[in-house]
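**Q** In my numbering, the protein residues as written are 15 to 274.
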């Protein structure tokens with residue numbers, strides 16, 4: 015009898031019901047019985063080791079195939095299981111750590127957009143505010159470019175108190191240290207104007223088209239509302255102060271009020 019034939023006989027005896035009756039069940043019990051039979055039959059060790067390896071591999075293949083048959087699902091069940099897995103959200107804190115996030119290319123793209131977008135937005139807002147403030151060429155100091163004493167011999171003070179951006183009736187100028195409002199309009203090119211005494215809703219006191227080189231002087235005890243169609247074509251002087259009309263191409267309204 016060869017060594018392998020002896021092993022076959024030992025395996026057969028170990029797997030028989032009589033051999034395993036009353037002993038521990040499972041692969042370890044079977045191999046224990048095989049080992050005892052091998053020792054008693056004086057079989058060479060390398061044959062025993064080779065047979066054990068082959069037996070373990072065969073057993074694993076058989077066990078995995080039986081397990082696969084048990085867990086095999088129908089098509090409907092597989093679809094339902096896949097759908098359930100897609101909907102399930104598994105929180106993985108490792109994915110949200112800074113080191114893990116920095117390894118994603120789209121994170122760098124988002125950061126780049128934010129870093130470029132913030133200064134661009136700030137620059138745009140600042141430039142927009144500046145353009146609104148200078149749209150009509152007026153600031154609180156724009157009327158201080160020329161300063162002369164008024165006809166009464168006193169030094170009048172004229173100040174822009176409300177710009178047209180915040181007032182429906184245009185720029186509001188307040189005149190102090192003067193007894194009346196005096197507005198002088200001198201045309202550099204033909205331009206139409208309309209003046210109302212007492213406020214923007216009061217009756218018209220003067221309306222005409224000034225030709226190039228013509229001058230018109232308007233006076234009122236407390237208030238002159240002046241509308242000019244093309245302000246850049248005229249020079250406007252109020253109680254010794256010149257109003258800046260440079261670059262103002264569209265019609266504009268001015269309120270010149272005596273301080274109360």
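Glycine included, every Cβ here is placed at the ideal spot set by N, Cα and C. Model, not experiment: these values are computed from the prediction.
#1: Along the chain, which unbroken stretches of the beta strand (DSSP E) at least 3 residues long are found entirely within the stretch 178-224?
#2: Would you mind sorting residue 274 into buried or exposed? The rule is 16 or more other CB atoms within 10 Å of its CB.
#3: For the stretch 233-240 against the stretch 183-197, do three or more pairs of beta-carbon atoms, one drawn from each stretch, fall closer than 8 Å, so that the two count as touching?
#4: Where does residue 224 land, buried or exposed, given buried means 16+ other C-beta within 10 angstroms?
#5: How about residue 270 and residue 187: are their beta carbons less than 8 Å apart?
#6: Does the Cβ-Cβ distance between residue 228 and residue 202 come in under 8 Å?
#7: If you run the structure through DSSP and keep just helix, strand and coil, what is residue 140?
#8: The beta strand (DSSP E) spanning residue 251 covers which residue range?
#9: With C-beta atoms as the reference, is residue 199 less than 8 Å away from residue 170?
#10: For residue 266, tell me which candidate among 127, 139, 175 and 206 has the shortest Cα-Cα distance.
#11: Can you tell me the Cα-Cα spacing of residue 129 and residue 138, whole angstroms?
#12: On the three-state DSSP scale, how would you describe residue 244?
#13: Can you say whether residue 136 is buried or exposed, counting buried as having 16 or more other CB atoms within 10 angstroms of its CB?
#14: Drop a sphere of 10 angstroms on the beta-carbon of residue 241, count the other beta-carbons inside from all chains shown, and report buried for 16 or more, exposed for fewer.
#15: Could you check what DSSP says for residue 260 in three-state terms: helix, strand or coil?
#16: Would you give the residue range spanned by the beta strand (DSSP E) that residue 169 belongs to?
#17: Anyone know if the C-beta pair for residue 204 and residue 232 falls short of 8 Å?
#18: Could you tell me the distance, in whole angstroms, from the CA atom of residue 258 to the CA atom of residue 172?
#19: Report, in whole angstroms, the separation of the C-beta atoms of residue 219 and residue 211, which I expect to be a contact under 8 Å.
#20: Expressed to the nearest angstrom, what Euclidean distance is found between the alpha-carbon atoms of residue 251 and residue 243?
#21: Got a sec? Which residues, its chain only, sit under 8 Å from residue 99 by beta carbon, not counting five neighbours each side?
**A** Short version:
#1: Taken in chain order, the whole beta strand (DSSP E) runs of length 3 or more contained in the stretch 178-224 are 185-190, 195-201, 205-211 and 218-224.
#2: Result: exposed.
#3: The answer is yes - the stretch 183-197 touches the stretch 233-240, with three or more Cβ pairs under 8 Å.
#4: That one is buried.
#5: Yes, these two residues count as a Cβ contact at 8 Å.
#6: Taking C-beta atoms as the reference points, residue 228 and residue 202 fail to come closer than 8 Å.
#7: In this structure, residue 140 counts as helix in the three-state DSSP scheme.
#8: Counting along the chain, the beta strand (DSSP E) containing residue 251 begins and ends at 248-252.
#9: In this structure, residue 170 does not lie closer than 8 Å to residue 199 by Cβ.
#10: Measuring from the Cα of residue 266, the nearest candidate turns out to be 206.
#11: Cα to Cα, residue 129 sits roughly 15 Å from residue 138.
#12: Coil.
#13: Burial state of residue 136 is exposed, judged by a 10 Å Cβ sphere holding fewer than 16 other Cβ atoms.
#14: Buried, since its Cβ has 16 or more Cβ neighbours within 10 Å.
#15: Annotated three-state conformation of residue 260 is coil, per DSSP.
#16: No residue range can be given for residue 169, since it is assigned to no beta strand (DSSP E) and is classified by DSSP as neither H nor E.
#17: With respect to residue 232, residue 204 sits apart: the two C-beta atoms are not nearer than 8 Å.
#18: Their backbone Cα atoms lie some 13 Å apart in a straight line.
#19: Indeed they touch by this definition, with Cβ atoms about 4 Å apart.
#20: Spanning the two alpha carbons is a distance of roughly 17 Å.
#21: Counting only residues of its own chain and dropping the five nearest sequence neighbours on each side, residue 99 has no CB closer than 8 Å to any other CB.
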